[in-house]
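Line order of the protein sequences matches chains A and B. Residues in the first sequence are numbered from 1 upward in steps of one, following full-length UniProt numbering. Residues in the second sequence are numbered from 1 upward in steps of one, following full-length UniProt numbering. Inspection log for the structure reproduced underneath, given as structure tokens.
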Amino acid sequence: MKKTLVLLMIAAMTFASLAGCGKEVSKSDKSSDKVSVSKEAQDSHVNIALFTYIEGMDPATDWCGWNLTRCGVGETLVTVNENMEIEPLLADSYEQVDDTTYSFHIRKGVKFSNGTELTPEIVKASIERSIENNSRGQDLKIDSIKVDGENVIFTTKEPFSAFVYNMTEPMTVIVDTTADTSNYDTKPICTGPYYVKEYVSEEKIELEANENYWDKVAEIKSITALNIDSDTKTDAILAGDIDLAQGPAATTLSNVEGNDDVDIVKVTGTRENDFWLNCKEDSPLGDVNLRLALSYAIDRDVVAKVAGNGYSSPLTTAFPETVGYDSDKVKGQNYDVDKAKECLENAGYKDSDSDGYVDKNGENLELKISLSSSSNSAVSETLQDMWEKIGVKTEIEMLEDTSTIRKNGDFDILADSGWQTVNAGDGQKYLANRWKTDSTDNYGKYTSEKFEAVLEKLDKAFDKDERIAAFVEAQQVLADESPCIWLYANDNITLVNSKKIGNVTVFPIDYYLVTNEWTLEN
Amino acid sequence: MDKIKRNRDYIALFMAVFAAIVFILIATFSYKFAPNNPLATDYDNLLKAPCSQYFFGTDQLGRDIFSRILYGGRTSLLIAFLVTAIISVTGIVIGAVSGFCGGVVDGILMRISDMLMAFPGSIFTIALVSFMGTGLVNLIIAMSLTGWTYYARLSRSMVLSIKNNNYIEQARLGGANPIKVLNCYILPVIIPPLLVYISQDIGSKLLTIAGLSLLGLGSQPPTPEWGYMLSEGKEYMNSAPWMLLFPGIIILINVIVFNLLGDALQNVLNPKKSAI
Chain A
1 MKKTLVLLMI AAMTFASLAG CGKEVSKSDK SSDKVSVSKE AQDSHVNIAL
51 FTYIEGMDPA TDWCGWNLTR CGVGETLVTV NENMEIEPLL ADSYEQVDDT
101 TYSFHIRKGV KFSNGTELTP EIVKASIERS IENNSRGQDL KIDSIKVDGE
151 NVIFTTKEPF SAFVYNMTEP MTVIVDTTAD TSNYDTKPIC TGPYYVKEYV
201 SEEKIELEAN ENYWDKVAEI KSITALNIDS DTKTDAILAG DIDLAQGPAA
251 TTLSNVEGND DVDIVKVTGT RENDFWLNCK EDSPLGDVNL RLALSYAIDR
301 DVVAKVAGNG YSSPLTTAFP ETVGYDSDKV KGQNYDVDKA KECLENAGYK
351 DSDSDGYVDK NGENLELKIS LSSSSNSAVS ETLQDMWEKI GVKTEIEMLE
401 DTSTIRKNGD FDILADSGWQ TVNAGDGQKY LANRWKTDST DNYGKYTSEK
451 FEAVLEKLDK AFDKDERIAA FVEAQQVLAD ESPCIWLYAN DNITLVNSKK
501 IGNVTVFPID YYLVTNEWTL EN
Chain B
1 MDKIKRNRDY IALFMAVFAA IVFILIATFS YKFAPNNPLA TDYDNLLKAP
51 CSQYFFGTDQ LGRDIFSRIL YGGRTSLLIA FLVTAIISVT GIVIGAVSGF
101 CGGVVDGILM RISDMLMAFP GSIFTIALVS FMGTGLVNLI IAMSLTGWTY
151 YARLSRSMVL SIKNNNYIEQ ARLGGANPIK VLNCYILPVI IPPLLVYISQ
201 DIGSKLLTIA GLSLLGLGSQ PPTPEWGYML SEGKEYMNSA PWMLLFPGII
251 ILINVIVFNL LGDALQNVLN PKKSAI
């Protein structure tokens, strides 16, 4: 109902805007100059839909920084490019002085959209502001920030090898702290190629090219980022309401396949989809053999096909390959029914009463798959079907709200989706959040000394190769102990109206989108 | 003239009953008609358009939608009948007792029904299901708890209108105890007009079940059920419209049939069309 209403409203708005165009053209005889200006402005305007529409624009609040990087409004000291490499941005160079000290040289000649010059002092104040106000601020592990001439010196509380990556986290977007920051929730002053002209809660963000931008000024003069549901993004671009859509639902893409105007630009994303297994000792899944059996029984090619409609890749490890942590070196559980049955036997399960389901001590093994009632049950049903083939009986339970059972670890198997594996350009935080003993996000209550040891190793691994080796080790430990069942990674898809916008780069990390490189096509 | 109309009414009733019986039979013997196992997946034929192998196409797991609709009818119709049976019987009994006894009993029973009627029925049902947990059994319980009040109200008012008739008085004077009076002299009079309401209610219960399953509160996957099939199909509205189309049409036809049955019944039982 809501969707229909939205569609109707979009249709009505389109109609209204078309009616407006007609009027303007008819006026053109009288004042041709004025019209040509507005026509040019209209031509260099595009409408887009963001991956998700987050409420608020202040990087110091929750996840709002992600809006800023997505819209090309905010910039961090360093950034991650489309090949997942660190690139200088507001800092033109950086170096690691010792295990806990980093020095960033601030780029000269950078101006905020209001004309204020960027100084190392503002950088310090801005990052301190984010650390103080954002609940994730402590994750940066910053002890102190000092200004030293043109450099900003960061000292961390402990050796923290992922520090530079963490400076790409959008909560560290630099804002002008010398201006009035009270309205930054709607109109932050940043350094990016665009600035926020107008912010309408739950509806749209109006962006205008920043003429003070330190690099090439954007060719597209204005952008409207609309709040559109992922199910309707494809329809919206086909209807011409938007010219670019980030993250349309994969199930809707068959409508644009083969369309001449709309390009599907994709890259395997950095988000992964998995199901939690309850590793508590009193749970049947506390037995690693049973977990492995479940994992071996899954044909992930099929799961990826069901889930992503051809826009997902199968996944057997904690990181998608695109992240660059050598996931191909990790031995996960590839589809092997015999192996699954063997693991079941190792766990002590056998079909002794020949009812088609395995049992132990005279009791059938019955597991519950819990998922939110608003989510698609297709993957759960596929897994249920595959597990049935090895004799494991499962029941699907759709819940209005899964947060309670998630928090209490009150489930057997829990469907979860879309974890960002590198939310600061680096995967350590994701590993620690999800599988470190006592971490708040460790819903499956997994504990492993082996894994904790690898995490410690990661903290001290400053060398890139050493770091990747540690990530491979972490993935291997997780794959061997299967606290989760990794299933698939969705492609990051962006639909682009190629008649309107050109030179669009699609990043594996979905909080990057708008750049100053976009061109207008005709 | 009247005779012709009367005959027409009987023919309409006959056709409606026939259609309803056909649907019930199809649902009951779905395992005989269904060309495929409704739960069997076919990962090579995901989202296949209707063809000779799959009359209504396949869904996102390659399951045969035609077979799923046939089997789904079992779930949907069975629950609709069950719920209607439960609420009509309890409702009528409570209403009749309440109207017949009057006094404190009437007061208590009707205040309870007032309390339940104060909430919009469907919202109350949703709240109850959310509270008790999703699933078909809970759905039946929730719908039964909220649905009986209308029957109670109707039957109570009917009992009140005939309670003081002479023949009731005579039966009492003749020594019939209250239970016998209710059983032999009151219920037989009030039930026929209520049948109209009951048969129409089956249609509306079908819609309610479909609606709740659409919201994910009723049937749990992979059990085929029309409403849940709609819910699964809505994400594929663009790429596989048949996932929505066929369950939708079937729900529509069934609701129409049971509503027509009610109308036809009303015309036959109550030719003057006085409101019940």
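We put the CB at the ideal spot given by N, CA and C, even for glycine.
Endpoints, beta strand (DSSP E) assigned at residue i
i: Pro170 of chain A; result: Looking at the DSSP string, Pro170 of chain A is not in any beta strand (DSSP E), and its letter there is neither H nor E.
i: Ile493 of chain A; result: 484-497
i: Ser417 of chain A; result: No beta strand (DSSP E) holds Ser417 of chain A; DSSP gives it neither H nor E.
i: Val262 of chain A; result: 262-268
i: Val514 of chain A; result: Unbroken run through Val514 of chain A: none, as it is neither H nor E.
i: Phe29 of chain B; result: Phe29 of chain B -> no beta strand (DSSP E), and no H or E assigned at all.
i: residue 523 of chain A; result: With chain A covering 1 to 522 only, the question about residue 523 of chain A has no answer from this structure.
i: Pro314 of chain A; result: 312-314
i: residue 575 of chain A; result: One cannot answer for residue 575 of chain A here, as it falls past the ends of chain A, which runs 1 to 522.
i: Ala209 of chain A; result: 204-209
Best match in the options for proximity to residue i [C-alpha to C-alpha]
i: residue 534 of chain A; options: A:Ile390, A:Gln428, A:Thr322; result: Past the boundaries of the shown model lies residue 534 of chain A; chain A is included only from 1 to 522, so the question cannot be answered.
i: Asn309 of chain A; options: B:Val268, B:Ser239, B:Tyr54, B:Leu244; result: B:Ser239
i: Leu77 of chain B; options: B:Leu265, B:Leu269, B:Gly262, B:Phe258; result: B:Phe258
i: Gln333 of chain A; options: A:Arg291, A:Asp260, A:Ser352; result: A:Arg291
i: Asn302 of chain A; options: A:Gly286, A:Asp282, A:Val288, A:Tyr335; result: Checking the displayed sequence, the identity of residue 302 of chain A turns out to be Val instead of Asn. It is A:Tyr335.
i: Val89 of chain B; options: B:Met110, B:Trp148, B:Leu182, B:Ser231; result: B:Trp148
i: Lys393 of chain A; options: A:Ser403, A:Glu400, A:Ser380; result: A:Ser380
i: Leu118 of chain A; options: A:Asn212, A:Phe154, A:Glu198; result: A:Asn212
i: Asn490 of chain A; options: A:Val504, A:Thr232, A:Asp274; result: A:Asp274
i: Glu202 of chain A; options: A:Tyr53, A:Ser161, A:Lys187, A:Phe112; result: A:Tyr53
i: Thr168 of chain A; options: A:Ser230, A:Leu90, A:Tyr184; result: A:Leu90
Residue i at chain A interface by Cβ criterion, 8 Å
i: Tyr134 of chain B; result: Checking the displayed sequence, the identity of residue 134 of chain B turns out to be Thr instead of Tyr. Yes, Thr134 of chain B lies at the interface with chain A (some Cβ there is under 8 Å from its Cβ).
i: Asn7 of chain B; result: no
i: Glu235 of chain B; result: yes
i: Ser88 of chain B; result: no
i: Lys3 of chain B; result: no
i: Met15 of chain B; result: no
i: Glu225 of chain B; result: no
i: Gln170 of chain B; result: no
i: Ala12 of chain B; result: no
i: Leu252 of chain B; result: no
i: Gln60 of chain B; result: yes
i: Asp263 of chain B; result: no
Within-8 Å CB hit, residue i to chain B
i: Ser31 of chain A; result: Any reading at Ser31 of chain A must be qualified, since the residue scores a pLDDT of 40, below 50, and its modelled position is unreliable; no value is offered.
i: Asn376 of chain A; result: yes
i: Ile396 of chain A; result: yes
i: Asp410 of chain A; result: no
i: Glu400 of chain A; result: yes
i: Met1 of chain A; result: Confidence is the limiting factor: at Met1 of chain A the pLDDT is only 45, short of 50, which leaves the residue's position unreliable, though a coordinate-based value still follows. Answer no: the Cβ-Cβ gap between Met1 of chain A and chain B never drops below 8 Å.
i: Lys23 of chain A; result: In this prediction, Lys23 of chain A has a pLDDT of 36, which is less than 50 and means its spatial position is unreliable; what the coordinates show is noted afterwards. With 8 Å as the cut-off, Lys23 of chain A does not count as an interface residue toward chain B.
i: Asp510 of chain A; result: no
i: Asp336 of chain A; result: no
i: Asp416 of chain A; result: no
Limits of the unbroken alpha helix (DSSP H) element including residue i
i: Pro193 of chain B; result: 187-214
i: Glu272 of chain A; result: From DSSP, Glu272 of chain A is part of no alpha helix (DSSP H) but of the beta strand (DSSP E) over 271-277.
i: Glu381 of chain A; result: 378-388
i: Leu344 of chain A; result: 337-346
Any non-hydrogen atom of the ligand NAP within 7 Å of residue i CB
i: Val306 of chain A; result: You won't find the ligand NAP in this model; it holds no ligand whatsoever.
Item to check | Within 8 Å of chain A by C-beta, residues of the segment 202-223 of chain B in sequence order | outcome: Leu215, Gly216, Leu217, Gln220, Pro221, Pro222
Next on the checklist: Can you confirm whether the segment 174-182 of chain A touches the segment 112-127 of chain A when touching is taken to mean that 3 or more C-beta pairs between the two stretches lie within less than 8 Å?
Outcome noted: yes
Checklist entry - Which residues, in order along the segment 36-57 of chain B, keep a beta-carbon less than 7 Å from a beta-carbon of chain A? => result Thr41, Tyr43, Leu46
Next on the checklist: For the segment 341-357 of chain A against the segment 192-210 of chain B, do three or more pairs of beta-carbon atoms, one drawn from each stretch, fall closer than 8 Å, so that the two count as touching?
Outcome noted: no
Next on the checklist: Under 8 Å, CB to CB, which of the residues in the segment 302-314 of chain A have a partner in chain B?
Outcome noted: Val302, Lys305, Val306, Asn309
Checklist entry - Along the segment 111-127 of chain A, what residues have a CB closer than 8 Å to any CB found in chain B? => result none
Checklist entry - What residues from the segment 235-250 of chain B come within 7 Å of chain A, judged by C-beta to C-beta, listed N to C? => result Glu235, Tyr236, Asn238, Ser239
Checklist entry - Taking a cut of 7 Å between CB atoms, which residues from the segment 122-150 of chain B lie near chain A? => result Ser130, Thr134
Next on the checklist: Any C-beta of chain B within less than 8 Å: which residues of the segment 215-234 of chain A qualify?
Outcome noted: Asp231, Thr234
Checklist entry - Which residues, in chain order, does the segment 233-263 of chain A contribute to contact with chain B at a C-beta distance below 9 Å? => result Thr234, Asp235, Ala249, Thr251, Thr252, Leu253, Ser254, Asn255
Item to check | Near-chain B residues of the segment 359-383 of chain A - C-beta to any C-beta below 8 Å | outcome: Ser373, Ser374, Asn376, Ser377, Ala378, Ser380, Glu381, Thr382
Checklist entry - Taking contact to mean at least 3 C-beta pairs separated by less than 8 Å, is the segment 94-105 of chain A in contact with the segment 54-72 of chain A? => result no
Checklist entry - Would you call the segment 226-235 of chain B and the segment 59-68 of chain B touching, i.e. three or more CB-CB distances under 8 Å? => result yes
Item to check | Given 8 Å, three or more beta-carbon pairs between the segment 485-499 of chain A and the segment 312-324 of chain A | outcome: yes
Next on the checklist: Does the structure place the segment 356-376 of chain A close enough to the segment 317-330 of chain A that three or more beta carbon pairs sit under 8 Å?
Outcome noted: no
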